[in-house]
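Chemist:
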Amino acid sequence: MERRGQGTGTGLTVARARDLAPRLVQWYRVHARDLPWRHRRDPYAIWVSEVMLQQTRVEAVVGRYQAFLRQFPDLPALAAAEPAEVLAAWAGLGYYRRARQMHAAARAVLGESGGSLPSTAAMLRLLPGFGAYTAGAVASIAFDEPVPAVDGNVERVLSRLLALPGDPARGEAARTVRSAAQRLVECEPPHLLNQALMELGALVCTPRSPRCAECPWQDSCAANATGSPESFPRKPPPRESVAVTAYAAIQRDPHGLFWRRRPEGGHNAGLWELPTTPWHGGAPDERRARQLLSELGRELGQEWTVGEPVVRVRHGITHHRITVVGYGVDGPRRPLTPDLAWADPADADALGLTAAASKLLRKLPTLL
Ligand code: SF4
Numbered sequence: 114m115e116r117r118g119q120g121t122g123t124g125l126t127v128a129r130a131r132d133l134a135p136r137l138v139q140w141y142r143v144h145a146r147d148l149p150w151r152h153r154r155d156p157y158a159i160w161v162s163e164v165m166l167q168q169t170r171v172e173a174v175v176g177r178y179q180a181f182l183r184q185f186p187d188l189p190a191l192a193a194a195e196p197a198e199v200l201a202a203w204a205g206l207g208y209y210r211r212a213r214q215m216h217a218a219a220r221a222v223l224g225e226s227g228g229s230l231p232s233t234a235a236m237l238r239l240l241p242g243f244g245a246y247t248a249g250a251v252a253s254i255a256f257d258e259p260v261p262a263v264d265g266n267v268e269r270v271l272s273r274l275l276a277l278p279g280d281p282a283r284g285e286a287a288r289t290v291r292s293a294a295q296r297l298v299e300c301e302p303p304h305l306l307n308q309a310l311m312e313l314g315a316l317v318c319t320p321r322s323p324r325c326a327e328c329p330w331q332d333s334c335a336a337n338a339t340g341s342p343e344s345f346p347r348k349p350p351p352r353e354s355v356a357v358t359a360y361a362a363i364q365r366d367p368h369g370l371f372w373r374r375r376p377e378g379g380h381n382a383g384l385w386e387l388p389t390t391p392w393h394g395g396a397p398d399e400r401r402a403r404q405l406l407s408e409l410g411r412e413l414g415q416e417w418t419v420g421e422p423v424v425r426v427r428h429g430i431t432h433h434r435i436t437v438v439g440y441g442v443d444g445p446r447r448p449l450t451p452d453l454a455w456a457d458p459a460d461a462d463a464l465g466l467t468a469a470a471s472k473l474l475r476k477l478p479t480l481l
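This is the structure we're talking about:
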């Protein structure tokens, strides 16, 4: 097979980019999936899709995206919403920080420019939640600005195309990927080129089993030429996971369960949970559980008697493996603050729950 100017570990020349970009876009025109956000060039709708798709599978996003746009059809509608409404509309998608930042950005845009998103990546990056990827994706797809949009898919495809010897998320390899993406996006309409690159990574150049025989770049790809394209990108060994334990207070009365909203500035800020202590390293420890839950109760203005452990779930956050043990607690009803609530378990999902609280709740009905 003829190989067109490929090399291992080197960047992409302008001449190669001019050869590769049209082939990729032609492939995209034939094979692109019919996804709801591809029917519109409305910057707000494109922004919503890009935020939802970060760290979330396309299949999970499709239904939620349409429901979100029905509830918040344009940027002013999102800006006018209460934070709790936005979080509830995001329920199930996880990574709630994305929703909070999108809401903050919508309010900033409405205040500064009357409701129109800025049209360049550089201006978008000044808004909350816009990193290099999201700014590049929105600017190129909605406004055809020739800027790269490098997500995990694009890193993988380009590090294979060039058989980069380093981790494409860091250092020299990351700079090479970005410069290759820039050269490619200057050769075709940016909204097509960037989406085509992402689509190639999602459908053909997949993480474990790239389907090189179906790839428009097969005869130019340096990783394919090595015979083991799946061994790219080169990644550092994963961080070792750490076991930690937290304790949740399960207080119930005839009206439901006792909930608290996570404080601002910390993990899962603004979401609701069965009040949960900070983590400690290692396995569950009953003495420590009682001490931490009593301290948490005092912090929340409650007088709890800590009972017995009733439920246990496992949960992962980054490299932490968290065991959450729920203890029954008892005590008099105290006046509520805006961050404390009683709610029936059947209604609790509408509050916008942490992932750990959702898991606890799924196990609890059999115990209530
Ligand atoms: Fe990925 Fe294979 Fe295409 Fe190379 S030829 S870009 S490894 S699918």
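When we follow this note's numbering, the leftmost residue of the sequence shown carries the number 114, and every step to the right adds one.
C-beta: ideal position from N, C-alpha, C; glycine also.
Can the beta-carbon of G228 be found less than 8 Å from the beta-carbon of L182?
Modeler: Looking up residue 228 in the sequence shown gives position 115. Looking up residue 182 in the sequence shown gives position 69. No, Cβ-Cβ distance for G228 and L182 is not below 8 Å.
Chemist: Between which two residues does the alpha helix (DSSP H) holding V222 run?
Modeler: Position 109 of the sequence shown, counting from 1, holds the residue named residue 222. Taken as a continuous stretch (DSSP letters only), the alpha helix (DSSP H) holding V222 covers 210-226.
Chemist: Is the separation between the beta-carbon of Q295 and that of P261 shorter than 8 Å?
Modeler: Stepping through the sequence shown from its first residue, residue 295 is reached at position 182. Stepping through the sequence shown from its first residue, residue 261 is reached at position 148. Yes, the pair counts as a contact, with Cβ atoms nearer than the cut-off.
Chemist: Quick one, are the C-beta atoms of V251 and E163 less than 8 Å apart?
Modeler: In the sequence shown, the residue the question calls residue 251 occupies position 138. In the sequence shown, the residue the question calls residue 163 occupies position 50. Taking 8 Å as the Cβ cut-off, V251 and E163 qualify as a contacting pair.
Chemist: Tell me the DSSP secondary structure of P303 in three-state form.
Modeler: Position 190 of the sequence shown, counted from the start, is the residue given in the question as residue 303. Here P303 sits in helix by DSSP.
Chemist: Could you check which residue in L275, V263, L137, G394 has the C-alpha nearest to that of A359?
Modeler: In the sequence shown, residue 359 corresponds to position 246, counting from 1. Taking only the C-alpha atoms, the option nearest A359 is G394.
Chemist: Would you kindly check if the distance between the Cβ of P397 and the Cβ of V438 is under 8 Å?
Modeler: On the sequence shown, position 325 is the one that residue 438 refers to. On the sequence shown, position 284 is the one that residue 397 refers to. Yes. Within cutoff.
Chemist: Does the ligand SF4 have even one heavy atom less than 7 Å from the beta-carbon of V223?
Modeler: In the sequence shown, the residue the question calls residue 223 occupies position 110. According to the sequence displayed, residue 223 carries Leu and not Val. Checking the Cβ of L223 against the ligand SF4 gives no.
Chemist: Could you have a look at P135 and say whether DSSP puts it in helix, strand or coil?
Modeler: Looking up residue 135 in the sequence shown gives position 22. Looking at P135 - three-state DSSP - the assignment turns out to be helix.
Chemist: Is it buried or exposed for D264, if we count other Cβ within 10 angstroms and need 16 for buried?
Modeler: For the purposes of this step, residue 264 is identified with residue 151 of the sequence shown, where counting begins at 1. Answer is buried; the Cβ neighbour count reaches 16.
Chemist: Under the DSSP definition of a beta bridge, which residues are partnered with P422?
Modeler: Residue 422 sits at position 309 when you count from the first residue of the sequence shown. Answer is Y440, bridged to P422.
Chemist: Just the C-alpha distance for P186 and V171, rounded to the nearest angstrom, thanks.
Modeler: Taking the first residue of the sequence shown as 1, we reach residue 186 at position 73. Taking the first residue of the sequence shown as 1, we reach residue 171 at position 58. Cα to Cα, P186 sits roughly 20 Å from V171.
Chemist: Quick one: what's I363 bridged to in DSSP?
Modeler: Locating residue 363 in the sequence shown gives position 250, where the first residue counts as 1. In the DSSP output, where bridge partners are listed per residue, I363 has G441.
Chemist: Are the Cβ atoms of L406 and A470 separated by less than 8 Å?
Modeler: The residue you call residue 406 lines up with position 293 of the sequence shown. The residue you call residue 470 lines up with position 357 of the sequence shown. No, the Cβ-Cβ distance between L406 and A470 is not below 8 Å.
Chemist: Quickly, what does DSSP pair L370 with across the bridge? List them, please.
Modeler: In the sequence shown, counting from the first residue as 1, residue 370 sits at position 257. Paired residues: R365, A456.
Chemist: Would a C-beta distance cut-off of 8 Å place D452 and R365 closer than the cut-off?
Modeler: Along the sequence shown, one-based indexing puts residue 452 at 339. Along the sequence shown, one-based indexing puts residue 365 at 252. Contact: no.
Chemist: Buried or exposed: where does V442 fall if 16 or more other Cβ atoms within 10 Å of its Cβ makes it buried?
Modeler: For the purposes of this step, residue 442 is taken as the residue at position 329 of the sequence shown. Its Cβ being crowded by 16 or more others within 10 Å, V442 is buried.
Chemist: Quick check: W160 and L275, are their CB atoms within less than 8 Å of each other?
Modeler: Translated into the one-based positions of the sequence shown, residue 160 becomes position 47. Translated into the one-based positions of the sequence shown, residue 275 becomes position 162. Cβ atoms of W160 and L275: not closer than 8 Å.
Chemist: Can you have a look at E421 and say buried or exposed, based on whether 16 or more other CB atoms are within 10 angstroms of its CB?
Modeler: For the purposes of this step, residue 421 is identified with residue 308 of the sequence shown, where counting begins at 1. When all chains shown are included, E421 counts as exposed.
Chemist: DSSP beta-bridge partners for I435?
Modeler: Taking the sequence shown and counting its residues from 1, one reaches residue 435 at position 322. The partner list for I435 (beta bridge, DSSP) reads V357, H428.
Chemist: Quick one: give me the first and last residue of the alpha helix (DSSP H) that A482 is part of.
Modeler: This structure cannot speak to residue 482, because the chain is shown only from 114 to 481.
Chemist: Which of the three DSSP states, helix, strand or coil, is assigned to G120?
Modeler: Locating residue 120 in the sequence shown gives position 7, where the first residue counts as 1. Confidence is the limiting factor: at G120 the pLDDT is only 44, short of 50, which leaves the residue's position unreliable and the question unanswerable from this model.
Chemist: So, under 8 Å CB-CB, R177 and G207 are touching, yes? Tell me the CB distance rounded to an integer number of Å.
Modeler: As a working note, residue 177 is residue 64 in the sequence shown. As a working note, residue 207 is residue 94 in the sequence shown. Contact doesn't hold; Cβ gap of about 11 Å is too wide.
Chemist: At a cut-off of 7 Å, is W330 close to the ligand SF4 when judged by its beta-carbon and the heavy atoms of the ligand?
Modeler: Counting from one through the sequence shown, the residue named residue 330 turns up at place 217. Yes, the ligand SF4 has a heavy atom inside 7 Å of this Cβ.
Chemist: Cα-Cα, which of F243, A454, V127 is closest to G369?
Modeler: Position 256 of the sequence shown, counted from the start, is the residue given in the question as residue 369. Per the Cα distances, A454.
Chemist: Go through the segment 274-351 residue by residue and report every complete run of the alpha helix (DSSP H) that reaches 4 residues or more, in order.
Modeler: 284-298, 303-316, 335-339
Chemist: Quick one: residues in its chain with C-beta nearer than 8 Å to the C-beta of R117, no 5 flanking neighbours on either side, listed in chain order?
Modeler: As a first step, residue 117 must be located in the sequence shown, where it is residue number 4. Note that R117 has pLDDT 47, beneath the 50 cutoff, so the model's placement of it is unreliable and no number is given.
Chemist: Out of T169, H216, L477, A201, state which residue places its alpha-carbon closest to the alpha-carbon of I363.
Modeler: As a first step, residue 363 is located in the sequence shown; it is residue number 250 there, counting from the start. Of the listed residues, the one whose Cα sits closest to I363 is L477.
Chemist: Taking 8 Å as the cut-off, decide whether the C-beta atoms of S354 and R427 are in contact.
Modeler: One-based indexing of the sequence shown puts residue 354 at position 241. One-based indexing of the sequence shown puts residue 427 at position 314. Result no, Cβ atoms of S354 and R427 do not sit closer than 8 Å.
Chemist: Indicate, with yes or no, if the ligand SF4 has a heavy atom lying under 7 Å from the CB of V298.
Modeler: Here residue 298 is taken as the residue at index 185 of the sequence shown, counted from 1. Outside the cutoff, so no.
Chemist: Between which two residues does the alpha helix (DSSP H) carrying V174 extend?
Modeler: As a position in the sequence shown, residue 174 is number 61, starting the count at 1. From DSSP, the alpha helix (DSSP H) with V174 extends over 171-184.
Chemist: May I ask whether a heavy atom of the ligand SF4 can be found less than 7 Å away from the beta carbon of R321?
Modeler: What you label residue 321 is simply residue 208 of the sequence shown in a count that begins at 1. No, the beta carbon of R321 sits no closer than 7 Å to any heavy atom of the ligand SF4.
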